[in-house]
Amino acid sequence: MEGTGKIGTDLRYTSSAYGTLFYANLPLGAEPWVLALEHNMTRSDIDQQIDKLRLWLETITSDHAQRVSHLHNLGMMHMEKFHLINSFDAIDLAIEFLQEAINIASSESPARPLQYLCLAVAYHVRCERHMNTTDVDSTIRLCHEAASLMGTSHRLRGIQMKILGDAYRMRLNCSGEVSDVNESIRIYKEALDLNLPSDIIRIDLTHALGLGYQARYQVTATMWDMDTSLQLLKETCDATTGPYQMKTARRRDLALGHQIKYLRKEDPLDIDTAIALFQECVDHTHTGDPILATCYANLGTAYTAKRRKAGSFEDLERSIKMLQHAVDISGAESPNRSWILADLGTAYNDKFYETKVLSDIDTAIEIWQRAIDSSDTKKQQATHLQWKSRAALERFNKTKSVTDINHSILFMQQSLENTLPTDIPLACRLYELGNRYRLKYKITRAEEDLKTGTSHLWRVIQNPSMDVYNRILAGEDAMSFFALAEDWTQGYEVADSLMKMIPSLIPRFLEAFDVQYVLRDIEGMACEAASMALNAGKEPSIALQALKYPDLANEFLSLRAALDLPSTKDSDPDQRYEQGNDFEILVDKIRQQPGFEGFLGAPSEDALKLAASEHPLVVINVSEYRSDAMIVLHDRINSLALPDLSYDKLKAQSRHRDSISSPAVLSWLWDVAMKPILDFLGLTKTPVSDEDWPRICWIPTGALSGFPLHAAGYHADGSSEAVIERVMSSYSSSVKAIINGRRDTKTTRDVTEERSLLVAMETTPGATALPFATREVNVLHSLHTSMSLDPIVGKNKNDILSQLPQCKVFHFAGHGFTDSQDPSKSHLLLEDNGKVDTLEVGKLLSLNLRQSQPFLAYLSACGTGQIKNKTFLDESIHLISGFRLAGFRHVIGALWEMVARVMIQFVGGSIWLREL
């Protein structure tokens, strides 16, 4: 414990790993009030103090002046005993004695706020172990009662707000509601604005605020929260002095933050930082300190995390060694022993994933049982049983034994028996149990397995109080379940339910990468839903409604900009959370704006056909169940089955992005998809006249996104067996995007001037020279002048950002880059005072170009149409779609590096300019 920092003249403050505690010399009769004890007290010392206080209380009268203070001290002694030996009887007695002290104390006593806070801490400590909502609610109530007796200048006010903020942050673990952690953050920030009596409290509040942002990140996946958390945690870690225990706790929290961030961003620097900090915790913790076992366990789990993403097998072996040592030195009564065993079981589970040696997974299962036996609450047992079920599932995946899947089912059922109806993990466990039955059904084909498994999944899907993400995961499993049974009607019923849930996964405050991260785990579900609809005999227009969701993230982000809704870089994040708590309120607000009445809604059949009034729209959907082209014409919508367009082959090709333009792939695409579609439309030969070329807008979905459909075919001399020989091609991310674009064109006033912005990057720092870039722009400069456009030559990002909203045409001749980790950071390469600069897709989305609707963005850049990250294929966020979503009516870009001379000839005679 941190020991001697003064608060005012008579109060000292400290923290322990178990929660906020403090001690004070506030007179109550002749005795000081002890709120926390020295860290080196032994169990014998505590038991002696408890016996002494009990004996004294038995010998005095009920109205003795010091009875209140001794009851209070007895309660605090029992709290310290709980910390030392993890005795639930001790914490229960602590609450009992602290409450009795309050009951008999004068309501006018100046020490009453302190009494309330002590009891609040006791409830908080008990809640940390039981995760009982009643306890944390009692903590909150007592903090509010204490606040009602003190003003903002009271010397305990900062401490009261710290305990209250901690309680709301803990309640998040019980409720799963982001509103709880939002409240904790608000309280911490308000407390930091007070005139606090000590830097110790300020540091502790700042640290708590960092933990609050970390907790909110784990609910919302918003990277701003994580970055802010790490900044605050590092500040407080650096500022913490005194006994090593507190410094170790601060290092550990900072390390955990870097480890959590690593699991998201996969930056090796984060996990290396976490490992270094955990190693410092080990190095600075004294031998014999109970916390040392936890330090070794933290270090071991960090090595486990490193191995999962980018490390070596040696990292996993190092993890097992650290965790085994943690188990060896942890006492049988250690409150963390079961969790350390659980971490060791996870490490052996990971080892089995590498080795496929059954003895490794058997060891994992045996260790999980030890963790269960070491658990002191039903919640712990339920968690460990869930992981034991997962280990048995891994064994089944190797053996395909019905015995193993039955064991996995049994362990999960036992986990559910220890799960309360209000426990957050209930949805996940029901979903996993349904999943186990689905796997069993694949072997047994027993009707009972189908009925039991789907009933568990439906419980999750249909329960609006459960987490939306878990409901969607359960729905995906149910879709697969019904597909196995070829019950397409029920499968579509599930799919239809899921499609209605997806919008609520995208709260207002998320930026482009955050949205992609939230949605990537449900990649392909929209494609499967469309296939389910067709298999269930639904009309193609119904299937198309499901396929609006791959573009949902982009629609939301671009329309947010159109409505002048703030983004994370332009406003206070906490204010955005407050404004965005109720997603339905936000959707209603957007739908009240002119032209946005159908926001996030499915387009009607008439709207679909109207979108195809100028040329056909062809949506090509590929899933595990079937592949189809849905062809939207001005007067009808048809579906064309593509049985030879293999989902498995397409996925295999998408993993090798460099080969998708090879002659073998292009000819295969022609045979299995493009030729059947063109034949269906009667486009069987090359048009005779240049004026008669038909146009088609291709809308590929899922794994097909990013494939060069327009280049499919056989390209031998004289052959017309190619898309490019029969039609003019364009692309869109969805039919909804086309509808939105045409709506914007009609409803947005034209504020652009007769002006074009031309940027030539002949030389870019760190990139190959483009000797024809300047010539290309010079050709356009003359052409635009002849067309009464006022050409402006730009060079850097400031030129582009300031001129884009006023221009009709933007032409960029230079390099483009597709970010494989974060597609919203794909960018054009620019120069600023001899150094490289970038214009990112994410910045484009914040420009709000939809108000001006520029006519054309021409990206004569290398790689503007590539999607290098297969994880985000459904979102299609790269440079071309980024400019389109930002507000340009038309965008032209290259899927491959272009020959410069060809580009000059092409742009000089571009037919797009005829429409200006």
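All the letters of the sequence shown, read from the start, carry residue numbers 1 to 916 under full-length UniProt numbering.
Yeah, the Cβ is synthetic: ideal placement off N, Cα and C, and Gly gets one too.
When we look at the beta-carbon of residue i and count the other beta-carbons within 10 Å, is it buried (16 or more) or exposed?
i	result
Leu119	buried
Ala310	exposed
Ser402	Inspection of the sequence shows that residue 402 is occupied by Val rather than by Ser. Burial call: exposed.
Phe680	exposed
Val688	exposed
Asn336	buried
Gly29	Note that Gly29 scores 35 on pLDDT, short of 50, meaning its location in the model is unreliable; the coordinates nonetheless yield the value given after this. Exposed, by the Cβ-count rule.
Leu88	First, the residue type needs correcting, since residue 88 is Phe and not Leu in the sequence shown. That one is exposed.
Val357	exposed
Asn470	buried
Trp693	exposed
Lys500	exposed
Gly842	buried
Gln259	buried
Val836	exposed
Taking residue i as part of the beta strand (DSSP E), name the residues at either end of that continuous run.
i	result
Tyr731	Met728 to Tyr731
Gly491	No beta strand (DSSP E) holds Gly491; the alpha helix (DSSP H) holding it covers Trp488 to Met501.
Asp832	His827 to Asp832
His890	His890 to Gly893
Asp628	Ser627 to Val632
Provide the residue span of the alpha helix (DSSP H) that contains residue i, from first to last.
i	result
Pro616	Counting along the chain, Pro616 falls outside any alpha helix (DSSP H), and DSSP gives it neither H nor E.
Ser541	Pro540 to Ala546
Trp368	Leu358 to Ser374
Ile880	Leu879 to Ala886
Val181	Val178 to Leu192
Gly272	Before going on, a small fix: residue 272 reads as Asp here, not Gly. Pro268 to His284 is the extent of the alpha helix (DSSP H) around Asp272.
Thr301	Ile291 to Lys309
Ile461	Glu447 to Ile461
How is residue i classed by DSSP in three states: helix, strand or coil?
i	result
Met246	helix
Arg807	At residue 807 the sequence reads Cys, which differs from the Arg that was named. Three-state result, Cys807: coil.
Val672	helix
Leu642	coil
Asn798	helix
Leu37	Low per-residue confidence applies at Leu37: pLDDT is 42, beneath 50, and the placement is therefore not dependable, though the value from the model is reported in the following sentence. Leu37 falls in the coil class under three-state DSSP.
Asp467	coil
Ala602	coil
Gly257	helix
Gly434	helix
Leu859	strand
Phe817	strand
Met903	Below a pLDDT of 50, predicted positions are generally treated as unreliable, and Met903, at 47, falls in that range; no measurement from the model is reported.
Ile85	helix
Ile60	coil
Val735	helix
Ile409	helix
Ile95	helix
Val688	coil
Asp315	helix
Lys651	helix
Asp423	coil
Glu394	helix
Lys400	coil
Ile660	coil
Gly75	helix
Under the DSSP definition of a beta bridge, which residues are partnered with residue i?
i	result
Ala722	Gly713
Met787	Partner(s): none; Met787 has no beta bridge.
Ile792	Leu757
Pro335	None, per the DSSP bridge assignment.
Cys697	Leu617 and Ser730
Lys835	Asp832
Phe812	Val759 and Leu859
Glu840	His827
Val777	According to DSSP, Val777 bridges with nothing at all.
Val622	Ser627
Ile637	Val632
Mind pulling the beta strand (DSSP E) runs of 3 or more residues that sit fully within the segment 118–166? As far as the segment 118–166 is concerned, it has no whole beta strand (DSSP E) run of at least 3 residues.
Within the segment 194–240, note down every full alpha helix (DSSP H) run reaching 4 residues or more, in order along the chain. Within the segment 194–240, the complete alpha helix (DSSP H) runs of at least 4 residues are 199–220 and 223–239.
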